[in-house]
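Asks: My questions all concern the structure below.
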Amino acid sequence: MKRAVFERITQIPAPRDVVFRFFSEPSNLGRITPPQLRHRIVEGPSRPLREGDTIEYAFRMFGVPMRWRSRMASWRDGESFSDFQERGPFAYWLHTHTFSDTAGGTEMRDRIEYTLPFGWLGRLVAAPMVRRQLERIFDYRGEAVVRAFEKG
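According to the numbering used here, the sequence shown is numbered sequentially starting from 1146.
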C-alpha cells in the first residue's frame, strides 16, 4: 500500500520542556482541535501520557461520527513521541511529534504517514479531500498552540 506523508513545523514561544508537558496531557488535544470536529476523549489515562498508553476518541469528520483508538508507540521524554492508529478511519496512520529548542522557544515537527482505505480507489476519490482536511486541522492546531502559550 502506498503511504502519503503530511508534515508541519510549528514555532511555539515557550521552552521545550513546557511544550512537551502540554502535549503529554491528553485533555489538551481537545483544546487544539477545531471545534467543528466535536472531539472528545472516550477512554484514556487521566495522567500524562507515556509509551504504551492508548486513547480512544470520538469526533466527526465531514459530518460523519467516528471513533479512533491510538496507542503511544514510542516515547522519548522531552524529545518526541509517536501515536499509532489501532482503530480508525485510515488503513494506516503513524503521527510522530518531534520537539527541539530554538532561539524563540520550541520547534515542533509533526510528521504523519498514512494510507487511505480502499486502495487505489480510496486514493483516487479521497486523497485531495483528506489532504485539505489535514491542512485545515493543522492550521487551526498551530494557531491554537501558539495562542495557548502566548496567554501563559
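Positions of the beta carbon are idealized from the N, C-alpha and C atoms, including for glycine.
(1) To test your reading of the DSSP string, which unbroken beta strand (DSSP E) runs of 3 or more residues are found completely within the region 1149-1224?
(2) Near Glu1152, which residues of its chain fall below 8 angstroms by C-beta distance, leaving aside the five closest residues on each side in sequence?
(3) Contact between the region 1151-1170 and the region 1275-1293: three or more CB pairs below 8 angstroms?
(4) Taking only three categories from DSSP, how would you classify Phe1235?
(5) Output needed for Trp1238: all residues of its chain with C-beta closer than 6 angstroms, excluding positions within five of it in sequence on either side, in chain order.
(6) Under three-state DSSP, which class holds Gly1287?
(7) Could you pull the DSSP bridge partners for Met1253 from this structure?
(8) Count the other CB atoms, across all protein chains shown, that sit within 10 Å of the CB of Phe1207; report buried if there are 16 or more and exposed otherwise.
(9) Under 8 angstroms by Cβ, that's how I've got Ile1186 and Ile1177 pegged, so tell me the actual separation to the nearest angstrom.
(10) Roughly how many angstroms separate the alpha carbons of Ser1215 and Gly1249, rounded to a whole number?
(11) How would you label Asp1228, buried or exposed, when you count the other beta carbons within 10 angstroms and need 16 or more for buried?
(12) When DSSP builds the beta bridges, which residues end up paired with Phe1229?
Replies: Taking the coordinates as given:
(1) For the region 1149-1224, the continuous beta strand (DSSP E) assignments of 3+ residues that do not extend past its boundaries occur at 1149-1157, 1185-1188, 1199-1206, 1209-1221, in sequence order.
(2) Residue numbering aside, residue 1152 sits at position 7 when the sequence shown is read from its first letter. These residues qualify, in order along the chain: Arg1254, Asp1255, Arg1256, Ile1257.
(3) Yes, they touch.
(4) To locate residue 1235, count along the sequence shown from 1; it is residue 90. In the three-state reduction of the DSSP assignment, Phe1235 falls in the coil class, being assigned neither a helical nor a strand state.
(5) As a working note, residue 1238 is residue 93 in the sequence shown. In its chain, beyond the 5 residues on either side, Gln1230, Tyr1259 have a beta carbon closer than 6 angstroms to the beta carbon of Trp1238.
(6) Position 142 of the sequence shown, counted from the first residue, corresponds to residue 1287. Three-state DSSP puts Gly1287 in a helix.
(7) Sequence index remark: in the sequence shown, residue 1253 carries index 108 (1-based). Paired residue(s): Thr1155, Phe1244.
(8) The count along the sequence shown starts at 1 and reaches residue 1207 at position 62. Here Phe1207 is exposed, its C-beta having fewer than 16 other C-beta atoms within 10 Å.
(9) Within the sequence shown, the letter at position 41 stands for residue 1186. Within the sequence shown, the letter at position 32 stands for residue 1177. 13 angstroms between Cβ atoms; not a contact.
(10) Sequence index remark: in the sequence shown, residue 1215 carries index 70 (1-based). Sequence index remark: in the sequence shown, residue 1249 carries index 104 (1-based). In a straight line, the C-alpha of Ser1215 is about 32 angstroms away from that of Gly1249.
(11) Numbered from its first residue, the sequence shown carries residue 1228 at position 83. Under this definition Asp1228 is a buried residue.
(12) Here residue 1229 refers to the residue found at position 84 when the sequence shown is read from its first residue. Bridge partners of Phe1229: Arg1216, Leu1239.
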